[in-house]
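J.: Those protein sequence lines, which keep their order, are chains Z and W.
Residue numbering for the first sequence is 477 to 680, as defined by the numbering used here.
Residue numbering for the second sequence is 65 to 554, as defined by the numbering used here.
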Amino acid sequence: MKFECGDLEHALRVAELMPEAREHLKHCPQCRREYHLWNEISSSARALHEDWDTPALWPGIRAAIEAERKPERPFWKRWPVLAIAALVVIAAILTPLYWPRAHTPADRDFLTERALADVEKSEAAYRQSIENLSQLADAKLKQPASPYIVNEREKLLALDAAIADTRANVRQNRFNVHLQTTLADLYREKQQTLQELLTREQKN
Amino acid sequence: MSRRISALFVVLCATACAREEYTRTFDKSVNVQSGAPVSIEHKFGSITVRAHAGSAVTIHAEIRVSASDAQRAQDFANRVEILVEPSSGVSIRTRYPETSSSFFGGRNISYSVHYEVTMPESSPLSVRNAFGAVEATGLKAGSDITNSHGNLTFRDGRGSSRLQNSFARIEAVNNQGDLTIETNNGGVQASDITGRLVVRDRFANVTVARAAKGVSINNSNGAVDLSDSGGSGEVRNSFGNVTVRNFRGDLIVNTTNATVEAEHIQGPAELNTTFGAVRFTDIGQRLSIRTNNSRVEGTDVRGPLSVIDSFGPVVASGIQGEVRVESGNGGVTLERIAGAASVRTSFGTVQAADINGALTVQNNNGAVKAVNVKGANVTTSFGGVLLDGVAGPIQVQNQNGAVEATSSSHGACQPIIIRTSFSTVRVHLPAEASYRVTANTSFGKIRTDFPLSVSGSISSDSLEGTIGGGKCEMRLTDNNGSIEILRGGA
C-alpha cells in the first residue's frame with residue numbers, strides 16, 4: 477500500500493500503520509506539519525487528561541479536534557480555530573471533573589468535605605476556562621446586532637444573573653448538593669452557549 | 065506559596081474535616097374552611113403537595129443540616145423555623161437562622177428543608193420556592209406556583225392555574241381548566257389540558273399534547289412541538305423549529321430562522337417564517353404562507369392557498385381552491401389545483417400541471433411549462449414557454465424565448481395571442497380548428513399545416529387569413545423568429 481497524506485489521520489488512530497506513516501513524514505513537509513500539530517495538541521491535552529466517569533467523552537473531544545483540523549488551510553490561518561478548540565477541550569475536560577462530582581445520589585442533600593474541596597477547586601478552573609471563552613466571544617457579541625447575536629447576548633446576561641444569584645446562595649449553603657448542581661448546570665449551559673456562538677461564527 | 069498552603073489545606077481537610085449531618089422533622093395539622101387559601105414560601109428544598117377531600121392541612125417537614133460536628137448541626141437544625149400562621153387560610157413559611165460568613169461559622173454549615181403537605185382540594189394554593197423541586201397533585205381550586213432552579217410538576221389539577229419557573233423544567237399533566245405556564249431557560253411539557261393553555265418560554269423546548277380549548281405558545285431559541293390539540297392555536301417563536309400535528313382548529317404560526325411543519329390541521333392555517341422551510345400536509349381550510357429565503361412544500365389543502373416567498377422554491381399539490389404564489393428568485397411547481405392559479409416570480413422556472421382553472425404566470429428570466437390547464441396567460445422573458453393541453457384562451461407575452469402551445473379546445477372557441485422575439489412561435493391545433501389568423505414576424509418565416517384562406521396581403525413574414533370557419537382570433541407576433549401553425553392539438 478502506498479501511504480498518502482489522506483492516510484495520516486487513520487494512521488494516528490492505528491498504531492500498526494505508524495511505521496509507514498513515519499516513512500512518509502520524512503519526505504512530506506505538509507504531513508510533517510500536520511503530525512507536529514497533532515503531537516502538540518495531543519501532548520497538551522494529555523497533560524490535562526484525567527480519568528472520569530464518562531469514557532465516551534475523551535474520544536468525543538479527539539473527534540472534535542479532528543473535525544476542527546482543516547489540512548488544506550495553512551497553519552497561520554488556523555490558529556483561531558485551534559485556540560477555540562483548545563479552550564473547548566479544556567472546558568470539556570473540566571466539565572466532567574466539576575459536574576458529575578456535584579451529582580451525588582438523589583437521597584444525599586450534602587457534599588462531603590472532600591467532595592466540596594474538589595468541586596470548589598474544579599469550579600474555579602472551570603469558571604476561568606469559561607471566562608476565556610467569554611473573552612473570545614466578546615468581540616462577536618459586540619458586533620452589529622443580528623437577531624441571533626441579540627438573543628445570545630440576552631441569554632448570556634440571564635445566565636450571568638442566575639450564576640451570580642446562585643453563587644450568592646452557594647456562599648451561604650456550600651455543601652448543599654442541589655445548589656452546587658444548579659451552579660454547575662448554569663456554568664455548563666453558559667459554556668455550551670459560548671461554544672455554539674463561537675462555532676457558528678467560525679463556520680460563518 | 066499560597067497555592068501550596070491551599071493544597072495543603074485541601075489535603076488536611078480531606079482527611080481531617082469530617083462532616084456530621086443531623087435531621088429533625090416537623091409535623092403539624094390545621095383545619096381550614098372550605099375554599100380558604102394555602103400559601104407556602106420556601107427556599108432550599110423540595111415541596112410536595114397532595115390534595116384530599118377533607119378540611120385539614122397537614123405539614124410534614126424534614127429539616128436536614130450538615131456541619132463540622134453533630135452539635136453544631138443539631139443546634140442549627142433546631143433554630144430552623146417552620147412558621148404555620150393563620151391568614152385568610154394558612155400560610156407556611158421557612159425561616160433559616162442568620163449565618164455568619166466566617167469560615168468556621170456559617171460558611172461551614174449547610175442545610176435544606178423538604179416539605180410534604182396535604183391540603184383540601186377545594187383550597188387554592190400559592191407557592192413561592194427556589195432551589196428545590198415542586199410537585200403538586202390533585203388540586204381543584206386553582207394554583208399559583210412560582211419556582212426557580214428546581215423542576216415544577218403539576219398533575220391532575222382543576223381550575224385556572226398559573227405555573228412559573230426559571231432555569232428548570234415545568235411539566236403539567238391533566239389539568240381541567242385554563243393553564244398559564246411561564247418559564248425562562250427551562251423546558252415545558254404540557255399534556256391533557258382541557259382548558260385554554262398559554263405558554264411563554266425562552267431558550268428551551270416546548271412540547272404540548274392534547275390541549276383542547278386553544279393554545280398560545282410564545283417561545284424563542286427552542287423548538288415547539290404541538291400535537292393532538294384544538295381550539296385556536298397561535299405559536300410565536302424564533303430560532304426554533306415549530307411542528308404542529310393533528311390540530312382541530314385554526315392555526316397561526318410566526319417564527320423566524322426556523323422550519324415550520326404543519327400536518328392534519330382542520331381549520332384555516334397561517335404559517336410564517338424566514339430562513340427555514342415550510343412543509344404542510346392535509347390542511348382543512350385555506351392556507352396562507354409568508355416566508356423569506358425558505359423552501360415551501362406541501363400537499364392537500366381543502367381550500368385556497370396563498371404563498372408569498374422570496375429566494376426559495378415553492379412546490380404545492382392537491383389544492384382544492386385557488387392558488388396564488390408570489391415568489392422572487394425561486395421556482396414554482398403546482399400540481400392538481402382545483403381552481404385558478406396565479407404565479408408571480410423571477411429567475412425561476414414555473415411548472416404547472418392539472419390546473420382546473422386558468423393559469424396566470426408573470427415571470428422574469430424564467431421558463432414556464434404548463435400541462436392540462438383551463439387557459440393560460442403567461443408573461444415572461446429569457447425563458448421558453450411550453451403549454452400543452454390548454455383548454456381555454458392562450459395569451460403569451462415573451463421576450464427572447466420560444467413559445468410552443470398545444471390546444472385542447474375540443475371544438476370550443478379558444479383565442480390564441482402570442483408575442484415573442486428572437487425565437488420560434490409554434491402552435492399545435494386540432495384538425496377542426498377555426499381561426500382568424502394574423503401572423504407577423506421579421507427575420508423569420510411563417511409556416512402552416514392548415515389550408516389558409518388569405519384575406520389580405522401575404523408574404524413569407526406576414527399573413528392574414530382564416531383557418532376553418534374563422535371562429536376565433538389567433539394573433540402571432542414575432543421578431544427575429546419563425547412562426548409555425550401545425551396540426552396536433554385535441
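Backbone N, C-alpha and C fix where the C-beta goes; we use that ideal spot for every residue, glycine too.
Nearest CA to the CA of W:HIS124: which residue from W:ILE329, W:GLU180, W:VAL102?
T.: That would be W:GLU180, whose Cα lies nearest to the Cα of W:HIS124.
J.: Please list the partners that Z:ASN649 has in chain W, where partner means a Cβ-to-Cβ separation under 7 Å.
T.: Correct list: PHE108, SER174, TYR175.
J.: Strictly below 9 Å CB to CB, what residues from chain Z border W:ARG128?
T.: The contacting residues are ASP585, PHE586.
J.: Can you list, in chain order, the residues of the region 644-669 of chain Z whose Cβ is nearer than 8 Å to any Cβ on chain W?
T.: Those would be ASN645, ARG647, GLN648, ASN649, ARG650, PHE651, ASN652, HIS654, LEU655, THR658, ASP661, LEU662, GLU665, in chain order.
J.: Report back the beta-carbon spacing between W:GLY278 and W:SER296 to the nearest angstrom; my notes put them in contact at under 8 Å.
T.: Indeed, because the Cβ distance is near 4 Å, the residues count as touching under 8 Å.
J.: From W:PHE140 to W:GLU199, what distance separates their C-alpha atoms?
T.: Taking the straight line from one Cα to the other gives about 27 Å.
J.: Between the alpha carbons of W:GLN384 and W:ALA275, how many angstroms are there, rounded?
T.: Distance between the alpha carbons of W:GLN384 and W:ALA275 is about 29 Å.
J.: Of all the options W:ILE127, W:GLY465, W:MET538, W:THR320, which has the alpha carbon lying nearest to the alpha carbon of W:GLY545?
T.: Comparing Cα-Cα distances from W:GLY545 to each of W:ILE127, W:GLY465, W:MET538, W:THR320, the minimum goes to W:GLY465.
J.: CA-CA distance, Z:ILE541 and Z:GLU665?
T.: Annotation note: pLDDT 39 at Z:ILE541 (below 50); position unreliable, no value reported.
J.: Can you name the start and end residues of the alpha helix (DSSP H) that W:LEU203 belongs to?
T.: Taken as a continuous stretch (DSSP letters only), W:LEU203 belongs to no alpha helix (DSSP H), as it is neither H nor E.
J.: Restricting to Cα atoms, I'd like to know which of W:ILE146, W:THR541, W:LYS535, W:SER174 is closest to W:ARG128.
T.: Ranking W:ILE146, W:THR541, W:LYS535, W:SER174 by Cα distance to W:ARG128 puts W:SER174 first.
J.: Taking Cβ positions only, does W:GLY196 come closer than 8 Å to chain Z?
T.: Yes - at least one Cβ of chain Z is within 8 Å of the one on W:GLY196.
J.: Distance check for W:ILE549 and W:ASP513, CA to CA, integer angstroms please.
T.: So the two alpha carbons sit approximately 6 Å from each other.
J.: Go ahead and label W:GLY304 buried or exposed: buried means 16 or more other beta carbons lie within 10 angstroms of its beta carbon, across all protein chains shown.
T.: W:GLY304 should be labelled buried.
J.: For chain Z, find out if any of its Cβ atoms is closer than 8 Å to the Cβ of W:PHE85; answer yes or no.
T.: Here the sequence assigns Glu to residue 85 of chain W, which means Phe is not the residue at that position. Closer than 8 Å to some Cβ of chain Z, the Cβ of W:GLU85 qualifies, so yes.
J.: Mapping the DSSP letters down to three states, classify Z:ARG522 as helix, strand or coil.
T.: Any reading at Z:ARG522 must be qualified, since the residue scores a pLDDT of 48, below 50, and its modelled position is unreliable; no value is offered.
J.: Terminal residues of the continuous alpha helix (DSSP H) containing W:PHE90?
T.: Counting along the chain, W:PHE90 falls outside any alpha helix (DSSP H), though it belongs to the beta strand (DSSP E) covering 84-95.
J.: Could you tell me if W:THR247 is buried or exposed, where buried requires 16 or more neighbouring beta carbons within 10 angstroms of its beta carbon?
T.: Answer is buried; the Cβ neighbour count reaches 16.
J.: So, are the CB atoms of Z:LEU635 and Z:VAL646 less than 8 Å apart?
T.: No. Outside cutoff.
J.: If we define contact as Cβ-Cβ less than 8 Å, is W:ASN193 a contact residue for chain Z?
T.: With 8 Å as the cut-off, W:ASN193 does not count as an interface residue toward chain Z.
J.: Does the region 514-525 of chain W come close enough to the region 479-492 of chain W that 3 or more CB-CB pairs lie under 8 Å?
T.: Output reads no: the region 514-525 of chain W does not touch the region 479-492 of chain W.
J.: Could you give the distance in angstroms between the alpha-carbon of W:ASN336 and the alpha-carbon of W:SER358?
T.: Cα to Cα, W:ASN336 sits roughly 10 Å from W:SER358.
J.: In terms of DSSP beta bridges, what is W:HIS492 paired with?
T.: W:HIS492 is bridged to W:THR470, W:LEU550.
J.: Who pairs with W:GLU399 in a beta bridge, going by DSSP?
T.: W:GLU399 pairs with W:SER381, W:ALA417.
J.: I believe W:HIS106 touches W:THR182 by the beta-carbon criterion, under 8 Å. Please report the beta-carbon distance rounded to the nearest angstrom.
T.: In fact, because the Cβ distance is near 16 Å, the residues do not count as touching under 8 Å.
J.: For W:ASN318, I'd like the list of residues in its chain whose CB is within less than 6 Å of its CB, leaving aside the five on either flank, ordered along the chain.
T.: Same-chain partners within the cutoff: ARG300, ASN336.
J.: Measuring alpha carbon to alpha carbon, tell me which residue in W:VAL144, W:GLY118, W:ILE480, W:ASN95 is nearest W:PHE108.
T.: With distances taken between Cα atoms, W:PHE108 lies closest to W:VAL144.
J.: I'd like to check one pair, W:ARG233 with W:ASN215: are the Cβ atoms closer than 8 Å?
T.: Cβ distance < 8 Å, so W:ASN215 and W:ARG233 count as in contact.
J.: Quick check: W:LYS438 and W:CYS477, are their CB atoms within less than 8 Å of each other?
T.: No. Outside cutoff.
J.: For W:THR244, which residues does DSSP report across the bridge?
T.: W:ARG226, W:VAL262.
J.: Report, in whole angstroms, the separation of the C-beta atoms of W:VAL288 and W:VAL262, which I expect to be a contact under 8 Å.
T.: Wrong, their Cβ atoms sit about 13 Å apart, outside the cutoff.
J.: Are there any heavy atoms of the ligand FMN lying less than 7 Å away from the beta-carbon of W:HIS492, as far as the coordinates show?
T.: By its list of ligands, the structure shown contains no ligand whatsoever, and the ligand FMN lies outside what it can speak to.
J.: When DSSP builds the beta bridges, which residues end up paired with W:GLU528?
T.: Paired residues: W:THR502.
J.: Which class does W:TYR160 belong to by DSSP, given the choice of helix, strand or coil?
T.: Of the three classes helix, strand and coil, the one that applies to W:TYR160 here is coil, per DSSP.
J.: Could you tell me the alpha carbon to alpha carbon distance between Z:ARG538 and W:ASN282, rounded to whole angstroms?
T.: Because Z:ARG538 sits at a pLDDT of 45, beneath the cut-off of 50, its placement in the model cannot be relied upon, and the following sentence gives the value as read from the coordinates. Using only the alpha carbons, I get a separation of about 39 Å.
J.: Could you have a look at Z:GLN671 and say whether DSSP puts it in helix, strand or coil?
T.: In the structure shown, Z:GLN671 sits in a helix (DSSP, three-state: H, G or I).
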